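J.:
Chains as they are written, first to last, in this note's numbering: chain A, 1 to 112; chain B, 1001 to 1116.
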C-alpha cells in the first residue's frame, strides 16, 4: 500500500522561528510536491521537485524553501515563520508519466 | 490567474439523490483531469480521472463527464450517501512534462454535504 508520511500532524510555532516540515514517501517516486490548503483558496503549490537536489517554484514560494537530499524525503522550510503562514500543509508524490498524486495526511501549522 | 475553477464553494444534497459537482478550465492544453476527495484533517485521496480523448468515465457511483469544447467537466455521484460529505477538488494536468514535471492545477474545491 502506497504511503506518504509527514513528520507532524499538528505544530505550533512562534513568529520568527525556523520551521521544518518533513515528508517521506515509500513508493520510489521521482516527483514530490508541497501544497498549502486554506479555506476558500483550495490547494496552492509552494514548491515541487522532480529529482534529488532539484526544485522548482510553484505558485506561492515566497517565505519558503525546500530541500531534497534523498529521493524519498522532501522537506519544506519556513525560514522565519509568520502568522500568515498558519495553514494546512500537504505533501504529495507521483511517478513520471503518471498524473495521480498521492498525498500525506497533512500538517496543521499554527504560527503565534 | 486560476486555470481550474470550481465556482460553487458548497453543495447540499439529500441522501439518495444525485450530486453534480462542476469544474471549468481555461487552458486548452490540459489533457488529463482528476477528482480528489478530502475529509477534514486528512490528505486528499484520488477518486476518479478522465483523459481528454474520452468524454465519460465511470467507476461505481462516480461518473466524470468531460466537454472539451466548453472546457467543462463534472462529477456525478449517484446515489449520494452521507459518507460522501467532503471537499471535492478538481485537478488538471498539462501534457508538457518537461516544464511542468507532473504538476497538477487544482480548483478551490466544493464542499459537498449529503444530508439524511
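Beta carbons are placed, not taken as given, at the ideal position from N, Cα and C, and that holds for glycine.
In this text, all values refer to a predicted model and were calculated from it rather than measured experimentally.
#1: If you follow the beta strand (DSSP E) that residue 37 of chain A is part of, which residue opens it and which one closes it?
#2: Count the other CB atoms, across all protein chains shown, that sit within 10 Å of the CB of residue 84 of chain A; report buried if there are 16 or more and exposed otherwise.
#3: Over what stretch of residues does the beta strand (DSSP E) that includes residue 1024 of chain B continue unbroken?
#4: Among the candidates B:1046, B:1114, B:1027, B:1026, whose CA atom is the shortest distance from the CA of residue 1082 of chain B?
#5: Starting from residue 1067 of chain B, trace the beta strand (DSSP E) both ways and give me its first and last residue.
#6: Do residue 31 of chain A and the ligand ADP come close, with the Cβ less than 7 Å from some heavy atom?
#7: What are the start and end residues of the beta strand (DSSP E) that includes residue 93 of chain A?
#8: Given that a residue counts as buried once 16 or more other Cβ atoms are within 10 Å of its Cβ, and exposed if not, what is residue 1018 of chain B?
#9: Give the single residue among A:9, A:38, A:82, A:20 whose Cα lies nearest to the Cα of residue 74 of chain A.
#10: If we ignore side chains and look at the alpha-carbon of each, how far apart do residue 8 of chain A and residue 1026 of chain B end up?
T.: To lay it out plainly:
#1: 31 to 38
#2: exposed
#3: 1019 to 1025
#4: B:1114
#5: 1062 to 1067
#6: Within the structure as shown, the ligand ADP is missing, as the structure has no ligands at all.
#7: 87 to 94
#8: exposed
#9: A:20
#10: 36 Å
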